[in-house]
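Going line by line, the protein sequences match chains U and Z.
This note's numbering numbers the first residue of the first sequence as 2 and each following residue consecutively.
This note's numbering numbers the first residue of the second sequence as 2 and each following residue consecutively.
2 protein chains.
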Amino acid sequence: MTEIPVISGEAVFAAIDPGIAVERTRLSFERHALGEWEMPPKVYLDSPPNGDFRAMPARGDGLALLKWVTSFPGNSAKGLPVVRGEILLSDAETGEELAVIECSSVTSLRTGAAAAVSAQALAAAGAKSVGIIGCGVNGAWSARCLAAVGYGPGVCADVRAEPAEALAGELGWRVGDRAEAAAQDVVVTVTPGREPVILASDLRPGQHVAVLGADAHGKQEVELEAIERCRLFCDEWEQASAGGELSNGVAAGAIRREQVTQLGEVLIGSTVGRRSSEEITLFDSTGLAIQDLAIVQAIYAAWQDGRIAAPLVEL
Amino acid sequence: MTEIPVISGEAVFAAIDPGIAVERTRLSFERHALGEWEMPPKVYLDSPPNGDFRAMPARGDGLALLKWVTSFPGNSAKGLPVVRGEILLSDAETGEELAVIECSSVTSLRTGAAAAVSAQALAAAGAKSVGIIGCGVNGAWSARCLAAVGYGPGVCADVRAEPAEALAGELGWRVGDRAEAAAQDVVVTVTPGREPVILASDLRPGQHVAVLGADAHGKQEVELEAIERCRLFCDEWEQASAGGELSNGVAAGAIRREQVTQLGEVLIGSTVGRRSSEEITLFDSTGLAIQDLAIVQAIYAAWQDGRIAAPLVEL
Chain U
2 MTEIPVISGE AVFAAIDPGI AVERTRLSFE RHALGEWEMP PKVYLDSPPN GDFRAMPARG
62 DGLALLKWVT SFPGNSAKGL PVVRGEILLS DAETGEELAV IECSSVTSLR TGAAAAVSAQ
122 ALAAAGAKSV GIIGCGVNGA WSARCLAAVG YGPGVCADVR AEPAEALAGE LGWRVGDRAE
182 AAAQDVVVTV TPGREPVILA SDLRPGQHVA VLGADAHGKQ EVELEAIERC RLFCDEWEQA
242 SAGGELSNGV AAGAIRREQV TQLGEVLIGS TVGRRSSEEI TLFDSTGLAI QDLAIVQAIY
302 AAWQDGRIAA PLVEL
Chain Z
2 MTEIPVISGE AVFAAIDPGI AVERTRLSFE RHALGEWEMP PKVYLDSPPN GDFRAMPARG
62 DGLALLKWVT SFPGNSAKGL PVVRGEILLS DAETGEELAV IECSSVTSLR TGAAAAVSAQ
122 ALAAAGAKSV GIIGCGVNGA WSARCLAAVG YGPGVCADVR AEPAEALAGE LGWRVGDRAE
182 AAAQDVVVTV TPGREPVILA SDLRPGQHVA VLGADAHGKQ EVELEAIERC RLFCDEWEQA
242 SAGGELSNGV AAGAIRREQV TQLGEVLIGS TVGRRSSEEI TLFDSTGLAI QDLAIVQAIY
302 AAWQDGRIAA PLVEL
């Protein structure tokens, strides 16, 4: 009989603040780029017409993780969460079960943190102002993570007034329209990806754009003409080319592998990031299981240290 | 905040007896053959030198399941379980988390049950006696499931005396050597697959052989010359040809797709199983997530009906 903790979303947020999430997420990109952390491609289980479930494994530092998570876009309209599920943590040496952890909290933290890590690595020197296009859960966590590492103030734009106002109020930022948000130094898009929210006419030299919303083929937040004006980065080429923002351009033959740099390679110094203050950098974030692993490693350590409480259950 | 039950292995065994496991497993093969239940290929996360973790999703009857399970062959020698992990159950319509369930109990039940379902569908009329080669956990559950549906008595063979004696004692069967077990009407092999335990010289007309041990490429329990004398069946061609008993023959060009029938097609009557009382049938069982789903559906129903107890946890 094995006894393991079940760690709630509330406990996750008690253990991990945005600043820690940024540090952990950067570490995950570095470890993966160094070949120390492993991650097979995620597997999709379609659940039409609602969306899909994703099973996302990763291994590193003696831990093995599996995230089981929904992407049910229609759930918002029903008042249900789009992203939900659990993370299972195991000992990679013995196979022992270590913990069950609520997954939308971890997903929010690592998704928002990826935007902040990309800005730290790729934004121009002196970049400060932030535009958030799409102020739902992951837009809000992107803003919080950027604020935690010194970016802002920013402009919060959303087709719905309420989440933009709530986020602006929380951070002391302001509400604006899409074009205002798209004009800032660091722009983050986290929309459903049904139509472009960054146009070529929005872009100006020196900007950094982090594109988080498109996480499946067919979704697109940046028009192709705008993408073609940017120097391109992604979290992981296989995922980004198959289902991320870049996938439409890849399918159209407009984007080739050699044009796109993985962020981790910049972070470990094996390649150059931004090459001039004029360049526009675009980071396509598809969301990696290694990011979840880095956050979960810190959550599990917090539980081991008695910094968060969790009920124990027998398997 | 979502509250879900965590169902232990003990509770699983309290809810599901071998007879129910056989019924549920048969149903899963049928539903899958009818195209009603879905199952993407499992994904492997290597964890050298210990083995691998497998993430196995399936969907059917409004439920979505993910099994996260180890295959750590070296664990036996360390006194640790080879197969361990958890199953996550979700609502396929809403994405809501429904339960966390201990996984080795479910795996044992559905693995043993597959051997029994294959015998019911493929063994010759009048087949009765059973040979179990490899009396570890899954060998024992195969014997229990075969006994539950009327097969036996049988011969229990294992290179270790203790598990063979324990199993024979439990079921009122007897201990014998490999060749004796291989001579019975229904033969089940559940060994580590490092060397063949069924030779061409063992086989006699009318036998049914269920091969459960080889669950990854390179493992082999039946010598190729013996396989070539059998009419071939499997649980699922993609898995069996890639990593099951048949995979070595497929890789060598000795086994082609059109020679192998999926068991579910026999069960739903879309094709013929055994064609004569003389034929030797061989079923390659690799283990499918749909089998887990069928067992878990019954476990969850038992919990909903108050037939088993489980602690509730908040996510």
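In this text, a Cβ means the ideal position worked out from N, Cα and C, and glycines have one as well.
*Measure how close the beta-carbons of Gly173 of chain U and Pro154 of chain U come, nearest whole angstrom, since I'm counting them as under 8 Å.*
Gly173 of chain U to Pro154 of chain U, Cβ: 6 Å. Contact.
_Neighbour flag for Trp142 of chain U against chain Z, beta carbons, 9 Å_ = Nearest CB-CB separation between Trp142 of chain U and chain Z: not below the 9 Å threshold.
*Run of the beta strand (DSSP E) containing Glu4 of chain Z, from where it starts to where it stops*: Segment Glu4 to Ile8, the beta strand (DSSP E) holding Glu4 of chain Z.
_Going by C-alpha to C-alpha distance, which of Z:Leu81, Z:Glu229 and Z:Pro193 sits closest to Ala255 of chain Z?_
Selected option, being the one with the closest Cα: Z:Glu229.
*asked:* Can you check whether the C-beta of Asn139 of chain U is within less than 9 Å of a C-beta belonging to chain Z?
replied: No, because no Cβ of chain Z sits closer than 9 Å to the Cβ of Asn139 of chain U.
*For the alpha helix (DSSP H) holding Thr190 of chain U, just list the boundary residues, first then last.*
First-last for Thr190 of chain U: Val187 to Thr190, but that is the beta strand (DSSP E), not the alpha helix (DSSP H).
*Work out the CA separation of Ile199 of chain U and Ala227 of chain U for me, nearest whole Å.*
Distance between the alpha carbons of Ala227 of chain U and Ile199 of chain U: 7 Å.
*Going by DSSP, name the residue or residues bridged to His152 of chain Z.*
Checking the sequence shown, residue 152 of chain Z turns out to be Tyr, not His. Note: Tyr152 of chain Z sits in no beta bridge, so no partner.
*In three-state terms, what does DSSP make of Lys318 of chain Z?*
This structure cannot speak to residue 318 of chain Z, because chain Z is shown only from 2 to 316.
*From the DSSP output, which residues share a beta bridge with Trp69 of chain Z?*
DSSP, once it has assigned bridges, lists Z:Ala56 and Z:Glu87 as partnering Trp69 of chain Z.
*Rounded C-beta distance between Val176 of chain U and Cys157 of chain U? I'm assuming under 8 Å.*
About 5 Å separates the two Cβ atoms, so the contact holds.
_So for Ala271 of chain Z, helix, strand or coil by DSSP?_
The sequence as given places Ser at residue 271 of chain Z; Ala does not occur at that position. In the structure shown, Ser271 of chain Z sits in coil (DSSP, three-state: anything other than H, G, I, E or B).
_Coarse secondary structure for Val176 of chain U, derived from DSSP in three states_ = Under the three-state reduction of DSSP output, Val176 of chain U falls in the strand class.
*Meets three-Cβ-pair contact criterion under 8 Å: the region 266–282 of chain U and the region 241–251 of chain U*: Touching, no, given that fewer than three Cβ pairs across the two stretches are closer than 8 Å.
*What separation, rounded to the nearest whole angstrom, lies between the Cα atoms of Phe73 of chain U and Val150 of chain Z?*
Looking at the two C-alpha atoms, the distance is approximately 42 Å.
*asked:* Against chain Z, does Phe73 of chain U count as a neighbour if the rule is that its beta carbon must be under 9 Å from one of theirs?
replied: Yes, Phe73 of chain U lies at the interface with chain Z (some Cβ there is under 9 Å from its Cβ).
_Once DSSP output is grouped into helix, strand and coil, what is the label at Val198 of chain Z?_
Note: Val198 of chain Z maps to coil in three-state DSSP.
*Between Ile296 of chain Z and Ile17 of chain Z, is the Cβ-Cβ spacing less than 9 Å?*
By the CB criterion at 9 Å, Ile296 of chain Z and Ile17 of chain Z fall inside the cutoff.
_I'd like to know if Ala65 of chain Z contacts chain U, where contact means its C-beta is closer than 9 Å to some C-beta of that chain._
Chain U contact via Cβ: present.
*Using a C-beta cutoff of 9 Å, does Tyr45 of chain U count as contacting chain Z?*
Closer than 9 Å to the CB of Tyr45 of chain U there is at least one CB belonging to chain Z.
*Just grab the DSSP bridge partners of Gly282 of chain Z for me.*
A small correction: the amino acid at residue 282 of chain Z is Thr; Gly does not occupy that position in the sequence shown. According to DSSP, which records beta bridges pairwise, Thr282 of chain Z is partnered with Z:His209 and Z:Arg232.
*Exposed or buried, Gln305 of chain U, counting other C-beta atoms within 10 Å across all chains shown (16 or more means buried)?*
An exposed status is given to Gln305 of chain U, since fewer than 16 other beta-carbon atoms sit within 10 Å of its beta-carbon.
_Ala311 of chain Z, buried or exposed, once every other Cβ within 10 Å from all chains shown has been counted against 16_ = Of the residues assessed, Ala311 of chain Z falls on the buried side of the cut-off, its CB having 16 or more other CB atoms within 10 angstroms.
_Given this structure, state the Cα-to-Cα distance separating Asp178 of chain Z from Asp159 of chain Z, to the nearest angstrom._
Using only the alpha carbons, I get a separation of about 7 Å.
*asked:* Short of 8 Å in beta carbon distance, which residues of its chain neighbour Leu28 of chain U, apart from the five on each side in sequence? Order them along the chain.
replied: Taking Leu28 of chain U as the centre and dropping the five residues before and after it, the same chain places the C-beta of Ala295 closer than 8 Å to its C-beta, in chain order.
*Bridge partners of Cys157 of chain U, per DSSP?*
Under DSSP, Cys157 of chain U shares a beta bridge with U:Ile133 and U:Val176.
*Report all residues from its chain with a CB closer than 6 Å to the CB of Ala34 of chain Z; omit the five preceding and five following residues, and keep chain order.*
Same-chain partners within the cutoff: Gly265, Glu266 and Ile269.
_Neighbour list for Thr282 of chain U in chain Z, Cβ cutoff strictly below 8 Å_ = Counting only Cβ-Cβ distances below 8 Å, Thr282 of chain U has no contacts in chain Z at all, with the closest Cβ about 32 Å away.
*Flag Trp304 of chain U as yes if its beta-carbon sits less than 9 Å from any beta-carbon of chain Z, otherwise no.*
Taking Cβ atoms only, chain Z never reaches closer than 9 Å to Trp304 of chain U, which makes this a no.
_Taking 9 Å as the threshold (C-beta atoms), are Ala299 of chain U and Ile88 of chain U in contact?_
No, they are not a contact pair.
*Starting from the C-beta of Pro50 of chain U, find all residues in its chain whose C-beta is less than 8 Å away, skip the five residues before and the five after it, and write them out in chain order.*
Excluding positions up to five away in sequence, the list reads Gly75.
*Does any residue of chain U bring its CB to less than 9 Å from the CB of Lys79 of chain Z?*
With 9 Å as the cut-off, Lys79 of chain Z counts as an interface residue toward chain U.
_Strictly by DSSP, which residues pair up with Val314 of chain U?_
U:Ile5, per the DSSP bridge assignment.
*Could you tell me whether the Cβ atoms of Val70 of chain Z and Thr112 of chain Z are closer together than 9 Å?*
By the CB criterion at 9 Å, Val70 of chain Z and Thr112 of chain Z fall outside the cutoff.
_Residue span of the alpha helix (DSSP H) that contains Thr95 of chain U, given as start and end_ = Element bounds for Thr95 of chain U: n/a, residue is neither H nor E.
*List, in order along the chain, the chain Z residues whose C-beta lies closer than 7 Å to that of Glu237 of chain U?*
Simply none; closest approach about 15 Å.
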